[in-house]
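Written below as structure tokens is the structure these notes are about.
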Amino acid sequence: MGKHCILVIDMLNDFIGENAALRCPDGEKIVPALRKLMDYGRTRPEDIHIVHIQEAHRKHDADFRVRPVHAVAGTWGSRIIDELKPVGDEYVIPKRRHSGFMYTDLDLYLREENIDTVVVTGVWTNVCVRSTASDASYRAYKVIAISDCCASKDEEMHRAGLRDMAIFAKVMTVDEYIKAWEEGEDPWKDAGQPDNKEKGCCCS
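First residue of the sequence shown: 64, per my numbering; consecutive thereafter.
Laid out in structure tokens, this is it:
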């Protein structure tokens, strides 16, 4: 079935909670589902890795030209929230751009660990999660998006992000993902929208 890596993207103090500088309003709601997913992954360390993607900007980062200052490296805002802190030797990858692959060693880590399937979770669905999923697909990884483990500014943006990813990824719930593993099925099976496969091109 191949090895999976759950990417927990930007579940940080500056995105989650009332004191967040750039709060994702629905971010708190996905914490229980994310914990369920991570706890399950930790029971299968040979099959499922967990990597935490941490936005960590420099003080005068170019990102602040268009958005409020947030998640500056070394500050409280850039720390992973207490509820989802890494356990053991779970890898933490800092990033300064939307995608977890951009100018980081994520791809190197995945290849060193012989991982072929990337499972995206976190915030925001239509921004950093979507960007990371796209870059994973560009690098020929199988991509799964866990719908109830992602959140955005509002439901419309969240749904838009999921719809975009559904073109090239498998979108499923945490319960569906766990069920597939327990039944010995590849969770990625039937990824992508069926109507995009009929003529071999989404633009047909």
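A virtual CB, placed ideally from N, CA and C, is assigned to each residue, including glycine.
Exercise. For K205, which of helix, strand or coil comes out of DSSP?
Worked result: To locate residue 205, count along the sequence shown from 1; it is residue 142. Residue state, collapsed to three classes: strand.
Problem set entry | Close beta carbons around I241, own chain, < 7 Å, minus the five adjacent residues each side | For the purposes of this step, residue 241 is taken as the residue at position 178 of the sequence shown. Once the five neighbours on either side are set aside, the close Cβ partners of I241 are Y103.
Exercise. Can we say the segment 89-106 touches the segment 203-220, given the rule of at least three CB pairs closer than 8 Å?
Worked result: Contact between the segment 89-106 and the segment 203-220 is present, because at least three Cβ pairs lie under 8 Å.
Problem set entry | DSSP-derived helix/strand/coil call for G137 | Taking the sequence shown and counting its residues from 1, one reaches residue 137 at position 74. Coil.
For this session: Would you decide whether N82 is buried or exposed? Buried here means 16 or more other CB atoms lie within 10 Å of its CB.
Result: Working through the sequence shown from its first residue, we reach residue 82 at position 19. So N82 ends up on the exposed side.
Problem set entry | Limits of the unbroken alpha helix (DSSP H) element including V94 | As a first step, residue 94 is located in the sequence shown; it is residue number 31 there, counting from the start. Per DSSP, V94 belongs to the alpha helix (DSSP H) from V94 to R105.
For this session: Using three-state DSSP, classify H161 as helix, strand or coil.
Result: Indexing the sequence shown from 1 puts residue 161 at position 98. In this structure, H161 counts as coil in the three-state DSSP scheme.
Exercise. Are V186 and I209 close, meaning C-beta to C-beta below 8 Å?
Worked result: As a position in the sequence shown, residue 186 is number 123, starting the count at 1. As a position in the sequence shown, residue 209 is number 146, starting the count at 1. The answer is no: Cβ separation not under 8 Å.
For this session: Rounded to whole angstroms, what's the CA-CA distance from C191 to E118? Just pull it up for me.
Result: The residue labelled residue 191 in the question sits at position 128 within the sequence shown. The residue labelled residue 118 in the question sits at position 55 within the sequence shown. Roughly 10 Å between the two C-alpha positions.
For this session: Please look up how many angstroms separate the CB atoms of A96 and D211, rounded, as I've assumed it's under 8 Å.
Result: Looking up residue 96 in the sequence shown gives position 33. Looking up residue 211 in the sequence shown gives position 148. Rounded, the Cβ-Cβ distance is 5 Å, consistent with contact.
For this session: Compute the beta-carbon to beta-carbon distance between Y201 and D179, rounded to the nearest angstrom, for a pair I have assumed lies under 8 Å.
Result: Position 138 of the sequence shown, counted from the start, is the residue given in the question as residue 201. Position 116 of the sequence shown, counted from the start, is the residue given in the question as residue 179. 15 Å between Cβ atoms; not a contact.
Exercise. In chain order, which beta strand (DSSP E) runs of at least 3 residues are fully inside the segment 190-236?
Worked result: Complete beta strand (DSSP E) runs here, min 3: 205-214 and 233-235.
Exercise. Distance, Cα to Cα, M64 vs E153?
Worked result: Along the sequence shown, one-based indexing puts residue 64 at 1. Along the sequence shown, one-based indexing puts residue 153 at 90. Straight across, the Cα-Cα distance linking M64 with E153 is about 22 Å.
For this session: Assuming M228 and A199 form a contact by the criterion Cβ under 8 Å, report the distance between their Cβ atoms to the nearest whole angstrom.
Result: For the purposes of this step, residue 228 is taken as residue 165 along the sequence shown, with counting starting at 1. For the purposes of this step, residue 199 is taken as residue 136 along the sequence shown, with counting starting at 1. That belief does not hold up - the Cβ atoms of M228 and A199 are roughly 10 Å apart, past 8 Å.
Problem set entry | Endpoints, alpha helix (DSSP H) assigned at E175 | As a first step, residue 175 is located in the sequence shown; it is residue number 112 there, counting from the start. Note, E175: alpha helix (DSSP H), L169 to E175.
Problem set entry | Backbone secondary structure at L75 - three-state DSSP | If you number the sequence shown from 1, residue 75 lands on position 12. In the structure shown, L75 sits in a strand (DSSP, three-state: E or B).
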